[in-house]
DNA sequence: CCACTCTATTGCAACGTCGCATTCAACGTC
DNA sequence: GACGTTGAATGCGACGTTGCAATAGAGTGG
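Residue numbers (this note's numbering), protein chains in the order written: chain A, 13 to 351; chain B, 13 to 351.
Shown next, in the form of structure tokens:
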């Protein structure tokens, strides 16, 4: 059905090795032969067998991207950038959705499924630091988010503590004093939410305010519904913050949606700031103030780390901690202008 | 570095074939031997070499998903469902972003990159029908969207004409008469926009209205910005429709955003309906009326088609045309209640 | 007790490709 | 005219796995 080097060689009247040389273009081939072989290649519609190449080369040219969920805007945008950057490096991306399942994350890190990928970019959700960095890995890995690496994997992330601090400070600067935090996840081993909470508290304390536990609304996941529920819980408890720092844009949008439905004027009575700079935030009503991580750099640097580990020998290089720059995009949701 | 069957066999004092039997669990192995081999497997941390397996099996266990862009909500949600459904079938998904590049789409369909995937699900953007179905393919393919198949590939899609008709009819039912259509793409060979335009016109004509070219706003791509530009163009031209049917939710959200910014009251003065049922639409202000394709079924049926083609011999089965059910979700953007 | 079946295990070969070493011919140089 | 050099093409083997056929041994029934 599909033709192999052998078939092409037979048709062109040369050895398989010569055909291989023509295909790869590496060794020297006489012009006349090259033309003849090329004609045979075209006639048979030869396509190299990737599995055989991989076996020979000891590499698959695949890298894995393991994220909790592909359908959320943040991970969708990030995945898109990673796929794009990988294409430029002639890598193909295979996507795994862990759905926040610790076993799935563990399985991927250990490579239990077999040596399919040359490297792995994983955004951990359920696994704690020690599990992530403790055990040996069969494949180079880059952790997105999380805290600084102790173990074997590189880490690429923004400075969550600083960024959360800046966002909160921005809200304080416009005179807000009762600022709610939507997004703590005390039930998870994951560090990201904890870091953003720490930044939020830092900012409050620096402004001379005491963090109020009643204003910290935990969530189970990071979807709009969770933000909506958190805001509902606050309002139903009679708590009326004058600003909200949500740990992700989706949480912020869900919360803002409920606030407006309940008749709260945004941003007059309640300002909002989020984290991630997803596209919807820019088109929300009002547009959402947010921390803007440089997602393109996250993608680029992650792949760079993988490339270094994959291609450099033995890699005695200690685990890297790559800090990605971020900005604060101030939009109407935290200003005084009406939407 | 990494251990092979041979290493495990040496350690356990058996042949590689026996180790292989233990790993696969297919052939019968004495309990005592199984235990001993398993111990060796664990000790060496054996991981099967996927490339070798693939070479032997003639399959890679990979399927390709080619979509214009991963970061758009619709494709993100769809990709997520396809990855999920593929995992259940023990398939791994590799993602290609075509970015609307006809060459990229062609390359994937022809499998120029080599026989990497066992099957391909492609959502064409730039290629026209004849290119999609004309030439022979090296790998089973499923087309998402597009029109009915003439050639070799199966096709999975909602009935775009009917769905667009229903959405428009719904707008007409609330008394709207000047209904704009945002989303025609006359510059593309792709059929989807043309089908939705046809459905929109059908509904108008059935209501005794003449489709007005001035109310049909073409777009280049399907992002929020395109919807925003389209609405800006309409309003700047002094055209003030009393309803908008946008061919995707993103277009609708962008258009609605601009309308509200310009002081148009939604839905009182202008009703909106979209297509796709992306999550943001449900949390928009006001929530967006939209055509809801059964995305889970799109994922399931696509994979089913691929599975049939991949596993069934010779496949004399003619190309399938799978029509996916849809619904119309009526929300506040097309009602009379305030947001 | 022999023929036969069944279980457990094994060796061989092949999947398609490419690195390495080799061969062969042509050519130029001393 | 012998010799080294270069260019072109080839054959061999190995990457790690598993299907197939074969083997040896244990168990069963007449």
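Each residue gets a CB set at the ideal place from its N, CA and C atoms; glycine is no exception.
- Within the segment 253-282 of chain B, the complete beta strand (DSSP E) runs of at least 3 residues fall at 255-258.
- Runs of beta strand (DSSP E) with 3 or more residues, each lying fully within the segment 278-344 of chain A, are found at 283-287, 301-305, 333-336 and 338-341, listed in chain order.
- Relative to residue 203(B), the option among 171(B), 36(B), 226(B) and 186(B) whose CA is nearest is 171(B).
- Contact between the segment 296-312 of chain A and the segment 92-102 of chain A is present: 3 or more CB-CB pairs across the two stretches fall below 8 angstroms.
- With a cut-off of 8 angstroms on Cβ pairs, the segment 212-231 of chain B is in contact with the segment 167-182 of chain B, counting three or more such pairs.
- Across the structure, residue 129(A) and residue 39(B) are spaced so that their CA atoms are roughly 28 angstroms apart.
- Within the same chain, and ignoring the five residues on either side of residue 290(A) in sequence, the residues whose Cβ sits closer than 6 angstroms to its Cβ are 85, 86 and 261.
- Annotation: the segment 32-74 of chain A contains the following complete segments of the alpha helix (DSSP H) (minimum length 4 residues), in chain order: 43-56 and 62-69.
- For residue 314(A), no CB of chain B lies under 8 angstroms from its own CB, so it is not counted at the interface with that chain.
- As computed with DSSP, residue 167(B) is found in a beta bridge with 155(B) and 333(B).
- Contacts with chain B (Cβ-Cβ distance below 8 angstroms) from the segment 40-63 of chain A involve 57, 59, 60, 61, 62 and 63, listed in chain order.
- If you look at residue 93(A), you'll find it isn't in any beta strand (DSSP E); it sits in the alpha helix (DSSP H) that goes 85-100.
- If you draw a straight line from the Cα of residue 322(A) to the Cα of residue 152(A), it comes to about 7 angstroms.
- For residue 139(A), no beta strand (DSSP E) run applies, since DSSP gives it neither H nor E.
- Here the alpha carbons of residue 237(A) and residue 264(B) stand approximately 22 angstroms from one another.
- For residue 211(A), the three-state secondary structure derived from DSSP is helix.
- For residue 132(B), the enclosing beta strand (DSSP E) begins and ends at 131-134.
- The alpha carbon of residue 205(B) has as its nearest neighbour, out of 104(B), 228(B), 223(B) and 31(B), the alpha carbon of 228(B).
- Residue range 104-109 is occupied by the beta strand (DSSP E) that includes residue 108(B).
- Shown in chain order are the members of the segment 251-277 of chain A whose Cβ falls below 7 angstroms from a Cβ of chain B: 265, 266, 269 and 272.
- The distance from the Cβ of residue 231(B) to that of residue 191(B) is about 17 angstroms, inconsistent with a contact at the 8 angstroms cut-off.
- If the five residues before and after residue 88(B) are omitted, its C-beta is found closer than 7 angstroms to the C-beta atoms of 82, all from its own chain and listed in chain order.
- Residue 179(B) sits in a helix when the DSSP states are folded into three classes.
- By a beta-carbon distance limit of 8 angstroms, residue 347(A) does not contact residue 253(A). Their separation comes to about 17 angstroms.
- By the neighbour-count definition (other C-beta atoms within 10 Å, threshold 16), residue 267(B) is a buried residue.
- Only residues of its own chain outside the window of five on either side were considered, and among them 87, 109, 110, 111, 112, 135 and 137 have a CB closer than 8 angstroms to the CB of residue 80(B), listed in chain order.
- Residue-level contact check: residue 292(A) touches chain B, since one or more beta carbons of chain B fall below 8 angstroms from its beta carbon.
- Under DSSP, residue 77(A) forms a beta bridge with 107(A) and 133(A).
- The straight-line gap separating the alpha-carbon atoms of residue 76(A) and residue 332(A) is approximately 19 angstroms.
- Using a Cβ-Cβ cut-off of 8 angstroms, residue 83(A) counts as an interface residue toward chain B, since at least one Cβ of chain B sits closer than that to its own.
- Under a criterion of Cβ atoms nearer than 7 angstroms, no residue of chain A is adjacent to residue 301(B); the nearest Cβ is some 17 angstroms distant.
- The C-beta distance from residue 318(A) to residue 70(A) rounds to 16 angstroms, too long to fall under 8 angstroms, and the pair is not in contact.
- Here DSSP, grouped into helix, strand and coil, assigns residue 241(A) to helix.
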